[in-house]
Amino acid sequence: MSCTVDARVDLSVDIAGVKLKNPVMVASGTFGFGTEYAAYMDVSRLGAIVTKGLTLQPRTGNPPPRIWETPAGMLNSIGLQNPGIDAYLEHHLPALRAFKVPVIANVCGDTVKEYAEIARRLECHEGADAIEVNISCPNVERGGIAFGSDPRSAVAVVEAVKRATSLPVIVKLTPNVTDIAEIARACEGAGADALSLVNTLLGMAIDIYRMRPALGNVFGGLSGPAIRPVAVRMVWQVREAVDLPLIGMGGIASFEDALEFILAGASAVAVGSGTFADPACAIRVIDGIGQYMANNGFERVSHMVGLAHKCR
Ligand SMILES: Cc1cc2nc3c(=O)[nH]c(=O)nc-3n(C[C@H](O)[C@H](O)[C@H](O)COP(=O)(O)O)c2cc1C
Numbered sequence: 001m002s003c004t005v006d007a008r009v010d011l012s013v014d015i016a017g018v019k020l021k022n023p024v025m026v027a028s029g030t031f032g033f034g035t036e037y038a039a040y041m042d043v044s045r046l047g048a049i050v051t052k053g054l055t056l057q058p059r060t061g062n063p064p065p066r067i068w069e070t071p072a073g074m075l076n077s078i079g080l081q082n083p084g085i086d087a088y089l090e091h092h093l094p095a096l097r098a099f100k101v102p103v104i105a106n107v108c109g110d111t112v113k114e115y116a117e118i119a120r121r122l123e124c125h126e127g128a129d130a131i132e133v134n135i136s137c138p139n140v141e142r143g144g145i146a147f148g149s150d151p152r153s154a155v156a157v158v159e160a161v162k163r164a165t166s167l168p169v170i171v172k173l174t175p176n177v178t179d180i181a182e183i184a185r186a187c188e189g190a191g192a193d194a195l196s197l198v199n200t201l202l203g204m205a206i207d208i209y210r211m212r213p214a215l216g217n218v219f220g221g222l223s224g225p226a227i228r229p230v231a232v233r234m235v236w237q238v239r240e241a242v243d244l245p246l247i248g249m250g251g252i253a254s255f256e257d258a259l260e261f262i263l264a265g266a267s268a269v270a271v272g273s274g275t276f277a278d279p280a281c282a283i284r285v286i287d288g289i290g291q292y293m294a295n296n297g298f299e300r301v302s303h304m305v306g307l308a309h310k311c312r
């Protein structure tokens with residue numbers, strides 16, 4: 001498949017020491033383990049692949065229904081269904097590595113110790129180029145968002161993971177907090193190498209014909225274009241609060257959407273639910289950013305990062 005990015009621009013970015021050929025990755029939980037999409041797009045063109053959330057033991061996830069369409073978005077309550085860290089290392093990692101794209105392993109634990117143990121196994125088996133610590137999953141009873149909505153708990157997780165690995169540690173933040181800048185500062189103080197934001201917004205829907213909650217788990221996470229203004233606002237606030245590279249996401253479906261995040265302060269972006277509507281969405285976003293840079297005289301992505309703060 002051809003690469004249509006303009007040769008005059010350099011799309012490469014460096015996120016906490018991980019070199020990406022462009023700033024567009026695919027968001028955790030929306031791209032399986034990569035192989036599922038190989039028939040629809042050139043996966044090797046992605047900036048990075050973020051894996052589905054990995055836990056210490058395999059998980060079957062929440063009871064169905066687990067997906068519900070909403071205006072300009074969707075609710076999901078998957079509940080971290082995944083094969084567990086050992087099966088990932090043995091069965092999924094080799095195929096992922098074959099794409100020759102940086103792999104970011106998204107991890108989640110019930111306890112601080114579990115987060116650290118998963119990080120240790122990833123390090124031992126060269127299971128990733130970076131770890132994305134999910135302290136923001138809204139669909140699990142323990143762990144996840146509970147760690148991400150309290151600065152002290154967030155610090156405990158980040159410090160434990162940092163002690164367990166020398167891989168770059170990206171912390172994924174939840175939008176379900178009053179002050180995201182406070183959590184971001186706590187993670188920076190604990191040694192996070194980068195932050196990604198946002199995970200889904202907690203929501204629910206009622207199925208009026210069955211007269212009950214639409215999702216088996218009652219609550220779910222809202223994603224898609226409906227959350228983009230909230231996500232852009234949070235990237236803006238976190239940019240002003242910390243000095244770490246940011247990965248922005250939430251409703252990106254076009255290069256214009258991605259550029260909002262970059263100009264607000266994100267050094268890279270991730271496409272999530274957008275892939276469900278168009279499997280090649282991330283590729284369109286890469287090409288669009290390249291074209292925008294050529295049209296507007298930007299040679300490097302870093303020249304655009306956070307520019308909107310200066311142009312106020
Ligand atoms: C079906 C589905 C599964 C997801 N699973 C995970 C996950 O395992 N770990 C995680 O950190 N985020 C997970 N997310 C959140 C996404 O990575 C992303 O942060 C969020 O959907 C916002 O981006 P979007 O609006 O582009 O989808 C999931 C999202 C969806 C829609």
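Numbering (this note's numbering) for the sequence shown: 1 to 312. The beta carbon of each residue, even a glycine, is placed where N, CA and C say it ideally should be.
Exclusion of the five residues before and after residue 216 leaves 62, 63, 64, 65, 66, 77 as the residues of its chain whose Cβ lies within less than 8 Å of its Cβ. Scanning its chain for C-beta atoms nearer than 8 Å, with the 5 sequence neighbours on each side dropped, one finds around residue 88 the residues 33, 51, 54, 82, 105, 127, in chain order.
Cβ-Cβ separation between residue 72 and residue 297: approximately 33 Å, too far for a contact (criterion under 8 Å).
Looking at the DSSP output, residue 196 bridges to 172, 247. Note: residue 19 is bridge-paired with 14 in the DSSP secondary-structure output. Residue 100 and residue 19 have their C-alpha atoms some 12 Å from each other. Under the three-state reduction of DSSP output, residue 299 falls in the coil class, being neither helix nor strand. Not a single heavy atom of ligand 1 lies less than 6 Å from the C-beta of residue 277. With a cutoff of 7 Å on beta-carbon distance, residue 198 and residue 164 are scored as not near each other. Of the heavy atoms belonging to ligand 1, at least one sits nearer than 6 Å to the Cβ of residue 27. Per DSSP, the beta bridge partners of residue 106 are 132. The DSSP assignment places complete beta strand (DSSP E) segments of no fewer than 3 residues inside the region 210–280 at 220–223, 246–249, 268–271, in order along the chain. In this structure, residue 273 has its beta carbon less than 6 Å from a heavy atom of ligand 1. Sequence-distant partners of residue 123 (beyond 5 residues in either direction) whose C-beta falls short of 8 Å from its own C-beta, in its chain, are 164, 165, 166, 167. A distance criterion of 6 Å places the beta-carbon of residue 249 in contact range of ligand 1, judged by its closest non-hydrogen atom. For the options 213, 253, 259, the alpha carbon positioned closest to that of residue 235 is the one of 259. Beta-bridge analysis with DSSP links residue 54 to 107.
For residue 186 and residue 267, the gap between their C-alpha atoms comes out near 20 Å.
Non-local C-beta neighbours of residue 206 in its own chain, meaning closer than 8 Å and more than five positions away in sequence, comprise 212, 213, 214, ordered along the chain. Distance from the Cα of residue 273 is smallest, within the candidate group 290, 264, 254, 287, for 254. Bounds of the beta strand (DSSP E) holding residue 24 are 24–26. Annotated as distal: residue 28 and residue 21, with beta-carbon spacing of 7 Å or more. Within the DSSP secondary-structure output, residue 69 pairs in a beta bridge with 74.
Linking residue 149 to residue 190 through their CA atoms gives a straight-line distance of about 15 Å. Following the DSSP letters along the chain, one finds residue 93 inside the alpha helix (DSSP H) bounded by residues 93–97.
For the pair residue 157 and residue 295, the Cα-to-Cα distance works out to about 43 Å.
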